[in-house]
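What follows is one structure encoded as structure tokens, with my remarks underneath.
There are 4 protein chains.
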Amino acid sequence: MNRKLRMGMVGGGLGGFIGDVHRKAAQFTGEAEVVAGAFSTNAKRSKQTGKSLYLDPKRIYGSYQEMLAGELALPADQRIDFVSVVTPNNGHYPISKAFLEAGFNVLCEKPLTMNLKQALALRDVVRKSGKVFGLMHNYTGYPMVKQAKAMVAAGTLGQIRKVVVEYSLGWLASPQASKQAVWRVDPNIAGPCGCMGDIGTHSQNLIKYITGMDIEELCADLTSFVPGRQVDDDGSVLLRFKDGAKGAVFCSEVSTGQENNFRIYIYGTEGALEWRQETPEDLFLRSNVEPMRVYRRGWAGVGPEAAAATHLPAGHPEGFLEAFANVYANFLACIKARAKGDSQAGGDFPGIEEGVEEMVFLDCLLKNVKGKAKWTKVPKL
Amino acid sequence: MNRKLRMGMVGGGLGGFIGDVHRKAAQFTGEAEVVAGAFSTNAKRSKQTGKSLYLDPKRIYGSYQEMLAGELALPADQRIDFVSVVTPNNGHYPISKAFLEAGFNVLCEKPLTMNLKQALALRDVVRKSGKVFGLMHNYTGYPMVKQAKAMVAAGTLGQIRKVVVEYSLGWLASPQASKQAVWRVDPNIAGPCGCMGDIGTHSQNLIKYITGMDIEELCADLTSFVPGRQVDDDGSVLLRFKDGAKGAVFCSEVSTGQENNFRIYIYGTEGALEWRQETPEDLFLRSNVEPMRVYRRGWAGVGPEAAAATHLPAGHPEGFLEAFANVYANFLACIKARAKGDSQAGGDFPGIEEGVEEMVFLDCLLKNVKGKAKWTKVPKL
Amino acid sequence: MNRKLRMGMVGGGLGGFIGDVHRKAAQFTGEAEVVAGAFSTNAKRSKQTGKSLYLDPKRIYGSYQEMLAGELALPADQRIDFVSVVTPNNGHYPISKAFLEAGFNVLCEKPLTMNLKQALALRDVVRKSGKVFGLMHNYTGYPMVKQAKAMVAAGTLGQIRKVVVEYSLGWLASPQASKQAVWRVDPNIAGPCGCMGDIGTHSQNLIKYITGMDIEELCADLTSFVPGRQVDDDGSVLLRFKDGAKGAVFCSEVSTGQENNFRIYIYGTEGALEWRQETPEDLFLRSNVEPMRVYRRGWAGVGPEAAAATHLPAGHPEGFLEAFANVYANFLACIKARAKGDSQAGGDFPGIEEGVEEMVFLDCLLKNVKGKAKWTKVPKL
Amino acid sequence: MNRKLRMGMVGGGLGGFIGDVHRKAAQFTGEAEVVAGAFSTNAKRSKQTGKSLYLDPKRIYGSYQEMLAGELALPADQRIDFVSVVTPNNGHYPISKAFLEAGFNVLCEKPLTMNLKQALALRDVVRKSGKVFGLMHNYTGYPMVKQAKAMVAAGTLGQIRKVVVEYSLGWLASPQASKQAVWRVDPNIAGPCGCMGDIGTHSQNLIKYITGMDIEELCADLTSFVPGRQVDDDGSVLLRFKDGAKGAVFCSEVSTGQENNFRIYIYGTEGALEWRQETPEDLFLRSNVEPMRVYRRGWAGVGPEAAAATHLPAGHPEGFLEAFANVYANFLACIKARAKGDSQAGGDFPGIEEGVEEMVFLDCLLKNVKGKAKWTKVPKL
């Protein structure tokens, strides 16, 4: 397939945040270009967005249904190759379902769906479709996260005993929140979990990605600090993993003054790792028997997994966009491999199983805080 | 009282850690000098220690009982003015009690006692004695901790919503632990709590000192990671305070590669503070409406509470010793004030009430992890 | 002009570093797309590069001369709108000259030319051409550099007294250098200055960009540490500015273990700024009368200049690419403005004057180290 | 000698800074106690100071001459064992000379004297006296500085190519300076060098201590930024060492907002070290072939030289006082060794040779800035 893949988008109108990141990240790979979109349910805003992207006006749509019909009406060799679903959470399920069933590959924003039931249903759709489904957990795309994963797998830490995740932001500390915030605190759009749906899922996903460990039990305390808020804006969770490892996750969107402070510490019998999203180029390896080492993207000592996700020499800062693009690169490579006939092609990007896991996590959190039991078992579905 | 106060010590033999810190810290104040001690239950080691301190051989004792008798046998104007009890935990109660009842002022290491019952009994002894009793929670002596306390009191943070404390060390990650470690994992010497008795109490005390907030409910998970260990070496605790504030404390002594990583974050409606013991000269004030400010010991913007605990100009690092000495300075000033006739003199140093609070905290932790209820009420005794 | 600008490139073959950054940065803006290139003097490598970019094979050229002819042969409404010259230094002058004289806008890598004579000649060409000429000093594109410039202009620092720049890299510490390094130490390709041509020019340019101050006198010591190396790989320079301000620049490419450690400190009578390229999201404002403030891209307290160069919310790290893209964005906007008839349109991007200044700086450095006088006057040409 | 050494002091009256540090540091070692002093030329202030130290009133003197007479009048076994000279610079020479000639050991503050002539004369006095002479360059006492010295000696860095020292403070940025500042800008009291005498000497001394390298040539620019100031408050110096190594030192006391920002970078062919006084527990080792290592006082990987200067476990911050005390500990051990009959006993503390070196450095700086030659040879006297 000697061409760029044709990308469509649902959501991502001008003035939003994440849609533009998706577009830039996909195009950063050099393997995709945006050709169509239903950027807003407001047709005028969708038009303006598509125009700002210099799209063919005929492929700027007023709704995802219209887009689906429009694309299907095109000759197969002009249609989009995949669609990125970047709407608020309540759009994820119906839009992904519709495009998958129509034969399109889909990349969807997290959290996967509004609830576990939808997640399981969507998994069925994906399985039946035979199409590629990606879930955007962008933090897994950071090179030093991949380095951490590789070091854990190589046994550098010995046996893992403890995982601590901190994810704190201040953006919802006040009732007057930004535009992007409005829907995130509306349970009809965001789902029953607020903070935990937004960043708790990132926390759970990152633990799983780096360590491969599944949560077996959890005990939580969720809070809505801002008066009148209908969903949690803060949550702390104690975790138990297989083989006795423990964990703690504390997330908050009312952490005044914090920007996007996502940290993970992984302690093993032989060593420990620390990574922080706001300074993503560093990975700290601590030990009791030698000085701390600071692994840096692009520098000596970093393995092939991170190197493959690296674009610039060390000291030339990469960031959020490149991590995002790394997820896209693997997703797009999978589509190309499938197109070449490798129907089993996968890749290093989160997909439907990770989506089901995150929805199980949210489901168990709600059960725990609503029930009386201290610990809630987390099933493997 | 135009002289230095005469200091005695029980515990603190050569080769130990904290006894020497007590001696140096007390002498740093310029207001005390060590004149007597029962530095070890091994009489020879006690002698060697006393000799290394150039003490009068007659005042180097083989046991605290001998010391008590010896000091009482001296003319009142030669006796020690106070004793510092720096033995393992099981010595705190009997030794403090004996000296208080004999009319001596006492400064005791934390945690106060082996259990809550002893703590309440010791409180009675203190009250009856009329003597000054100090409890060494040295981290309260850091100038930037005092600055944090002052800023909270001044309302800089608005209403406090969330407190997070991390206290991680790696020193007990292996079964082969150092000399100082041996008794800390022996429940007969350290008490039923290991990690939580050692550093969980520091966490609880620091929260109280800075914020003034009492824990009302807690939910915990304690772990003994090292095979065969009889006490916890790791603990995570969810906290609920009055008026809806929440907290999380995660302590561990098996955090491979961590030295003495004690951090506190305090989030309020208007601002947030972060302080870290390993870099104690910085205090970070975050807000949603202006850039982060880094308050530094000795520099502009720092208030009188911190200034009063400051010895060197900014940029000339102070550390653990000076913080320790600040606790001693206030304790010693209290003794001098009492000697001048102010029988109600107090001061900015932890005492018996803080000791009871920490023992209530440990007691509730044990109840929570042994019981079935998710939340355990923390009484105010 | 309701379309993306058509970008051509000379240099930037596969396996290089900076060419790909130019392509990605230009496309990041959403306002340009690569349509043609002579990516290598090796025609095969040029073809491979163009193919990897999915270019029309007819517009993948084997030399810049061929490219010039080929583009001019196209109808005007299909030709490239501008060319990015990203060859080694010895290509900058002839290629820029050729394209400017043929009526194309040009963006050229730094340093401008091989020597001052060429620089002055190229300035004449630019002036005569009436075309837009940009010089890629990418560090000026960082939002927090723009914030620093704005704060200096607003008088936040008072009168500037001292500027210190450190630029240290380790990549040339060994004789066995990487591919990108080979030409940089060959005076026939890089020019008579090695380290100072490469990163000394960045240092001079950043000082000028942020402070607006011209160097009036300099005194330098240049060194070639690696045996047999024909150009400097290290240089330290003392600076004198107008009105008594002083400066120091120390650059080195043999700073073992350093990645791209470019820092600037600006000290004024009232305040001081520090910025470091490897952590570019922070800008530190120090003062003698209040706590240090840490300005962060995207956060409160940051002004419109930085905000206009910001793409993601605070805490979502931006880096080298976005800074690069910010230079392109302003360069492209200038081309569009000219196309709309504003023949005087300029913009916030370095151009031919900055290029002449950097070549004067290099010229004076060489004079100083070859001559006997301690101080060398730096003329304003 | 089974007792503490008896310490006398000249200078160090209440309200000053460094005298109290000397007293606390010497007493921190457990090997000295202050017994006598002429703390001020103001007899009343001297009395108040001595009283606050609970000294015998008979040994609180009104002048150093009175003190010398008074101590000599005592029986030999009651006299002070050494005197610490902590007056402003103009007192160093006459007071040190008088006490040495009277048979007392001396520890003197830096810089050694007012000028090179005095320095050489004092060296003669020291040599004739046979007494122990220490010079307080406290930064050499930091454990991680000793670790750096050991690593350089062990060849960890390969051949040293470049040394960069930054020493910036803001305390003299305004004409209205603090009490301690007044004499430091008076050439009759501080000597002809201001900033360079105060902190330039620390820079030169630290380079020599860690690397053992002598400066062979220098080229400098000194500035008095504050109007009316008679001595330099800023200086930048280019250095040349033996075997082609180069250096740069930039010192300033008008660096608004800086506290005591003393950094050193040492670059070798194989590795590089960075140490910063304000965070003295860290030592950074960089290399081109492995990740950066952060050596920490008290932690794994640190050698015996640093360990011997370490008092607390890692993570329990030590600072300025402990470093100061480490210099005293070695000075006092030398006195004890001499007292035991080892007339050649030396030790790891700066002395008269280091004092001569620093005065040669200052002398050459003045020659360079007053003369016409670019480079000034630095003789080994």
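Chains as they are written, first to last, in the working numbering: chain R, 1 to 381; chain D, 1001 to 1381; chain S, 2001 to 2381; chain E, 3001 to 3381.
Where is the CB? At the ideal position from N, CA and C, for every residue including glycine.
1. Do we get a CB-CB distance below 8 Å when we pair Leu-2332 (chain S) with the residues of chain R?
2. For Ser-3084 (chain E), is the classification buried or exposed, using 16 other Cβ atoms within 10 angstroms of its Cβ as the cut-off for buried?
3. DSSP three-state call for Met-1001 (chain D): helix, strand or coil?
4. Could you list which residues in chain S have their beta carbon closer than 9 Å to that of Ala-1272 (chain D), in chain order?
5. Would you tell me roughly how many angstroms separate the C-alpha atoms of Glu-3274 (chain E) and Glu-305 (chain R), rounded to the nearest one?
6. By the three-class DSSP mapping on this structure, what secondary structure does Thr-1211 (chain D) have?
7. For the stretch 3257-3277 of chain E against the stretch 3153-3167 of chain E, do three or more pairs of beta-carbon atoms, one drawn from each stretch, fall closer than 8 Å, so that the two count as touching?
8. On the DSSP bridge assignment, give the partners of Met-2292 (chain S) in chain order.
9. Assuming Met-144 (chain R) and Asp-282 (chain R) form a contact by the criterion Cβ under 8 Å, report the distance between their Cβ atoms to the nearest whole angstrom.
10. Which bits of chain D does Glu-2290 (chain S) rub up against, with CB to CB less than 9 Å?
11. Are Val-3086 (chain E) and Met-3009 (chain E) close, meaning C-beta to C-beta below 8 Å?
12. In three-state terms, what does DSSP make of Cys-1108 (chain D)?
13. CB-CB under 6 Å to Val-237 (chain R), same chain, minus the five flanking residues each way: which ones, in chain order?
14. Between Lys-2372 (chain S) and the ligand SAM, is the CB less than 7 Å from at least one heavy atom?
15. Taking only beta-carbon atoms, is Pro-2313 (chain S) less than 8 Å away from chain R?
16. Closer than 6 Å by C-beta to Cys-2334 (chain S): which residues in its own chain qualify, once you throw out the five before and the five after it? Chain order, please.
17. What do you get for Tyr-2209 (chain S), buried or exposed, if any count of 16 or more other CB atoms within 10 angstroms of its CB means buried?
18. Using a Cβ-Cβ distance under 8 Å, would Thr-2969 (chain E) count as near chain S?
19. Have a look at S:Met-2151, S:Val-2378, S:Asn-2260, S:Gly-2013 and flag the residue whose alpha-carbon is nearest the alpha-carbon of Lys-2242 (chain S).
20. Can you give, in chain order, each stretch of the beta strand (DSSP E) that sits fully within the stretch 3117-3158 of chain E and has at least 3 residues?
21. Could you check whether the stretch 135-151 of chain R touches the stretch 39-55 of chain R, counting it as contact only if at least three pairs of C-beta atoms, one from each stretch, sit closer than 8 Å?
22. Residues of chain C with CB closer than 8 Å to the CB of Arg-3296 (chain E), please, in chain order.
23. Tell me, please, which residues DSSP counts as bridged to Thr-376 (chain R).
24. What separation, rounded to the nearest whole angstrom, lies between the Cα atoms of Arg-1229 (chain D) and Gln-1258 (chain D)?
25. How far does the alpha helix (DSSP H) with Tyr-3093 (chain E) in it extend, from its first residue to its last?
26. Please check if any C-beta of chain S sits within less than 8 Å of the C-beta of Leu-3238 (chain E).
27. Please classify Arg-3059 (chain E) as buried or exposed, where buried requires at least 16 neighbouring CB atoms within 10 angstroms.
28. So if DSSP puts Lys-3162 (chain E) in a beta bridge, which residue, or which two residues, is it bridged to?
29. Whose Cβ in chain D lies nearer than 7 Å to the Cβ of Arg-161 (chain R)?
30. Can you tell which of R:Glu-101, R:Pro-175, R:Arg-127 has its C-alpha closest to the C-alpha of Leu-68 (chain R)?
31. Considering only the beta carbon of each residue, do Ala-3323 (chain E) and Asn-3089 (chain E) sit closer than 8 Å?
32. Considering only residues of the stretch 274-342 of chain R, which uninterrupted beta strand (DSSP E) runs meet the minimum length of 3 residues and lie entirely inside it, listed in chain order?
33. Roughly how many angstroms lie between the CA atoms of Cys-3108 (chain E) and Trp-1171 (chain D), to the nearest whole one?
34. Please report the residue range of the alpha helix (DSSP H) in which Gly-37 (chain R) lies.
35. Using only CA atoms, which one of D:Val-1034, D:Gly-1030, D:Thr-1041, D:Lys-1380 lies nearest to Met-1213 (chain D)?
36. Looking at Gly-1191 (chain D): is its Cβ nearer than 8 Å to the Cβ of Gly-1197 (chain D)?
Let me lay it out:
1. What you label residue 2332 (chain S) is simply residue 332 of the third sequence in a count that begins at 1. Output row for Leu-2332 (chain S): interface = no.
2. One-based indexing of the fourth sequence puts residue 3084 (chain E) at position 84. Counting Cβ neighbours within 10 Å, Ser-3084 (chain E) comes out buried, since at least 16 surround it.
3. Here residue 1001 (chain D) refers to the residue found at position 1 of the second sequence. Three-state result, Met-1001 (chain D): coil.
4. One-based indexing of the second sequence puts residue 1272 (chain D) at position 272. In chain order: nothing, as chain S lies at least about 13 Å away.
5. Taking the first residue of the fourth sequence as position 1, residue 3274 (chain E) is located at position 274. Taking the first residue of the first sequence as position 1, residue 305 (chain R) is located at position 305. The alpha-carbon atoms of Glu-3274 (chain E) and Glu-305 (chain R) are separated by roughly 30 Å.
6. Walking along the second sequence from the start, residue 1211 (chain D) turns up at place 211. Of the three classes helix, strand and coil, the one that applies to Thr-1211 (chain D) here is helix, per DSSP.
7. yes
8. Here residue 2292 (chain S) refers to the residue found at position 292 when the third sequence is read from its first residue. Partner(s): D:Val-1294.
9. Residue 144 (chain R) sits at position 144 when you count from the first residue of the first sequence. Residue 282 (chain R) sits at position 282 when you count from the first residue of the first sequence. Contact holds; Cβ gap of about 7 Å.
10. Within the third sequence, residue 2290 (chain S) is the residue found at index 290, counting from 1. By Cβ distance, chain D contributes Arg-1293, Trp-1299, Ala-1300, Gly-1301.
11. Working through the fourth sequence from its first residue, we reach residue 3086 (chain E) at position 86. Working through the fourth sequence from its first residue, we reach residue 3009 (chain E) at position 9. Yes.
12. Residue mapping note: residue 1108 (chain D) aligns to position 108 of the second sequence, counting from 1. Strand.
13. For the purposes of this step, residue 237 (chain R) is taken as the residue at position 237 of the first sequence. Counting only Cβ-Cβ distances below 6 Å, and skipping sequence neighbours, we find Leu-218, Ala-220, Val-249.
14. Among the ligands in the structure shown, none appear at all, so the ligand SAM cannot be discussed.
15. Walking along the third sequence from the start, residue 2313 (chain S) turns up at place 313. Answer yes: the Cβ-Cβ gap between Pro-2313 (chain S) and chain R drops below 8 Å somewhere.
16. On the third sequence, residue 2334 (chain S) is found 334 positions in, with the first residue counted as 1. Val-2132, Ala-2345, Gly-2347, listed in sequence order.
17. Along the third sequence, one-based indexing puts residue 2209 (chain S) at 209. Counting Cβ neighbours within 10 Å, Tyr-2209 (chain S) comes out buried, since at least 16 surround it.
18. With chain E covering 3001 to 3381 only, the question about residue 2969 (chain E) has no answer from this structure.
19. As a first step, residue 2242 (chain S) must be located in the third sequence, where it is residue number 242. It is S:Val-2378.
20. 3133-3136
21. no
22. Of the protein chains in this structure, namely R, D, S and E, none is chain C.
23. Here residue 376 (chain R) is taken as the residue at index 376 of the first sequence, counted from 1. Thr-376 (chain R) is bridged to R:Leu-218.
24. For this step, residue 1229 (chain D) is matched to residue 229 along the second sequence. For this step, residue 1258 (chain D) is matched to residue 258 along the second sequence. Using only the alpha carbons, I get a separation of about 20 Å.
25. The residue given as residue 3093 (chain E) occupies position 93 in the fourth sequence. Note, Tyr-3093 (chain E): alpha helix (DSSP H), 3089-3101.
26. By one-based count along the fourth sequence, residue 3238 (chain E) stands at place 238. Chain S contact via Cβ: present.
27. Walking along the fourth sequence from the start, residue 3059 (chain E) turns up at place 59. Arg-3059 (chain E) is buried by the Cβ-count criterion.
28. Translated into the one-based positions of the fourth sequence, residue 3162 (chain E) becomes position 162. BP columns for Lys-3162 (chain E) point to E:Lys-3246, E:Tyr-3267.
29. Your numbering for residue 161 (chain R) matches position 161 in the first sequence. Correct list: Phe-1225, Val-1254.
30. Sequence index remark: in the first sequence, residue 68 (chain R) carries index 68 (1-based). Minimum Cα distance to Leu-68 (chain R) is reached at R:Glu-101.
31. Counted from its first residue, the fourth sequence places residue 3323 (chain E) at position 323. Counted from its first residue, the fourth sequence places residue 3089 (chain E) at position 89. No. Outside cutoff.
32. 282-286, 292-296
33. Position 108 of the fourth sequence holds residue 3108 (chain E). Position 171 of the second sequence holds residue 1171 (chain D). Roughly 41 Å separates the two Cα atoms.
34. In the first sequence, counting from the first residue as 1, residue 37 (chain R) sits at position 37. Note, Gly-37 (chain R): premise wrong, no alpha helix (DSSP H); beta strand (DSSP E) at 32-38.
35. Counting from 1 along the second sequence, the entry for residue 1213 (chain D) is found at position 213. Per the Cα distances, D:Lys-1380.
36. For the purposes of this step, residue 1191 (chain D) is identified with residue 191 of the second sequence, where counting begins at 1. For the purposes of this step, residue 1197 (chain D) is identified with residue 197 of the second sequence, where counting begins at 1. Yes. Within cutoff.
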